[in-house]
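Novice: Have a look at this one before I ask anything.
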Amino acid sequence: MKFGLIGAALGHSYSRIIHDHFHRITGLEGSYDLIEVPNAVDLAARIRELSVSGYKGVNITIPYKVEALGLADFVSDEAGRIGASNTLFFNNGRIHAYNTDYFGFRTTLNMAEICVKNNNWTILGSGGSSRSVMSVLGDMGANEIKIASRTKKDGIFIPYDDIEGGYGLVNTTPVGMFPNIGSCAIGDDDISKFKVVIDLIYNPSKTLLLKNAQRLGLKTANGLLMLVAQAIKAQEIWRNTVFSQDLILEIYNWMENNNE
Numbered sequence: 148m149k150f151g152l153i154g155a156a157l158g159h160s161y162s163r164i165i166h167d168h169f170h171r172i173t174g175l176e177g178s179y180d181l182i183e184v185p186n187a188v189d190l191a192a193r194i195r196e197l198s199v200s201g202y203k204g205v206n207i208t209i210p211y212k213v214e215a216l217g218l219a220d221f222v223s224d225e226a227g228r229i230g231a232s233n234t235l236f237f238n239n240g241r242i243h244a245y246n247t248d249y250f251g252f253r254t255t256l257n258m259a260e261i262c263v264k265n266n267n268w269t270i271l272g273s274g275g276s277s278r279s280v281m282s283v284l285g286d287m288g289a290n291e292i293k294i295a296s297r298t299k300k301d302g303i304f305i306p307y308d309d310i311e312g313g314y315g316l317v318n319t320t321p322v323g324m325f326p327n328i329g330s331c332a333i334g335d336d337d338i339s340k341f342k343v344v345i346d347l348i349y350n351p352s353k354t355l356l357l358k359n360a361q362r363l364g365l366k367t368a369n370g371l372l373m374l375v376a377q378a379i380k381a382q383e384i385w386r387n388t389v390f391s392q393d394l395i396l397e398i399y400n401w402m403e404n405n406n407e
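First residue of the sequence shown? That's 148 in this note's numbering, and the numbers climb one at a time after it.
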């Protein structure tokens, strides 16, 4: 079985490491490729090409999660509700779109024992990952959700200058991701308005945002568990089977110990 990851630039990605380790410890046959598509105009043709060239499915990352949804012949309930897809399954010439980021982020919140219900949350960024995070927070009973965006300025969207604070902050932007590890999306004045800070970035394991939040005494979590959990959920879709949470945690712990 052939699988892969599609994104504009993938030098930061741990996905191949995760899936290769999954194949090793489960004994299941499979390979996983990193497939860079620098230009959005080439996305549709590349996905169609992969769907008829032996690939069983692909993951989708920045910046194509919204665009990928529009290429599908079938859209799962959660992907349709979120409006973005990070997992495509190629089945008998048809493209099926799913969103396993939802499962990954929810797993992170549960394992870190972060309380969502009745609390106010702010999300940094308005891309495909932001939509998944917003959906999870809403389903888990968040009181109010605001999205700080540099491009959208109405309804739930607010400019970065208007961040009011609350219980939780989630960064869904690539700001601070390898190799630009010296960048931080917001300053200490805004970070200190929250009690919990989650950064979906996993490389580095501690972004400048998380370092600053920890220095201020806040509870933090990075995006590694989300990445591992969504990867195993994708394997479940591609293979039509179920894997245990113990397997997710085994791979997560291995990643933590081997990819610092």
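Cβ atoms here follow ideal geometry from the backbone N, Cα and C, with glycine treated the same way.
1) What do you reckon, are the CB atoms on W401 and H168 nearer than 8 Å?
2) Given a cut-off of 8 Å on the beta-carbon distance, is the pair G230 and R297 in contact?
3) Could you name the residues of the same chain whose beta carbon sits closer than 7 Å to that of I303, not counting the 5 residues immediately before and after it, in chain order?
4) Just to confirm before moving on: does the CB-CB distance between T247 and Q377 stay below 8 Å?
5) DSSP three-state label for K366, please.
6) K203 and S232 look like a contact to me (Cβ under 8 Å); what is the Cβ gap, rounded to whole Å?
7) Can you tell me whether Y179 is helix, strand or coil according to DSSP?
8) Should V344 and A332 be called a contact, given that it needs their Cβ atoms to be closer than 8 Å?
9) Write down the C-beta distance between Y416 and E225 rounded to the nearest angstrom, noting that I regard them as a contact closer than 8 Å.
10) Looking at the strands, I want to know which residues DSSP matches up with G151.
11) Quick one: what does DSSP say D248 is sitting in, helix, strand or coil?
12) Check this for me: beta carbons of I328 and L357, under 8 Å apart or not?
13) In angstroms, rounded to a whole number, what distance separates the CA positions of E194 and M148?
14) From the DSSP output, read off the bridge partner residues of A295.
15) Look at the alpha carbon of T254 and the alpha carbon of G158, and state the distance between them as a whole number of angstroms.
16) Compare the Cα-Cα distances from A192 to each of G275, E176 and G217 and report the closest residue.
17) Is DSSP giving D220 helix, strand or coil here?
18) What does a CB cutoff of less than 7 Å around D337 pick up in its chain, not counting 5 residues either side in sequence?
19) Expressed to the nearest angstrom, what Euclidean distance is found between the alpha-carbon atoms of M287 and V263?
20) Measuring alpha carbon to alpha carbon, tell me which of T208, S273 and I182 ends up nearest E196.
21) Does Y307 pass the burial test, meaning 16 or more other C-beta atoms within 10 Å, or should it be called exposed?
Specialist: Taking the coordinates as given:
1) The Cβ atoms of W401 and H168 lie closer than 8 Å to each other.
2) The Cβ-Cβ distance between G230 and R297 does not fall below 8 Å.
3) The residues are I292, K293 and I294.
4) Contact flag set, yes.
5) The answer is strand: DSSP assigns K366 an E or B state.
6) The Cβ separation is near 16 Å, so there is no contact.
7) Look at Y179 here: in three-state DSSP terms it is strand.
8) Remark: C-beta atoms of V344 and A332 do not approach each other more closely than 8 Å.
9) The question about residue 416 has no answer, for the chain in this structure spans 148 to 407.
10) Note: G151 sits in a beta bridge opposite D180 and V205.
11) Helix at D248.
12) Cβ distance not < 8 Å, so I328 and L357 don't count as in contact.
13) In the sequence under discussion, the amino acid at residue 194 is Ile, which differs from the Glu named in the question. Distance between the alpha carbons of I194 and M148: 16 Å.
14) DSSP, once it has assigned bridges, lists L271 and I305 as partnering A295.
15) Looking at the two C-alpha atoms, the distance is approximately 25 Å.
16) Ranked by Cα distance from A192, the options G275, E176 and G217 are led by G217.
17) Three-state result, D220: coil.
18) If the five residues before and after D337 are omitted, its C-beta is found closer than 7 Å to the C-beta atoms of I310, all from its own chain and listed in chain order.
19) Between M287 and V263, the C-alpha separation is close to 6 Å.
20) Ranking the options by Cα distance to E196, first place goes to I182.
21) With fewer than 16 Cβ atoms within 10 Å of its Cβ, Y307 is classed as exposed.
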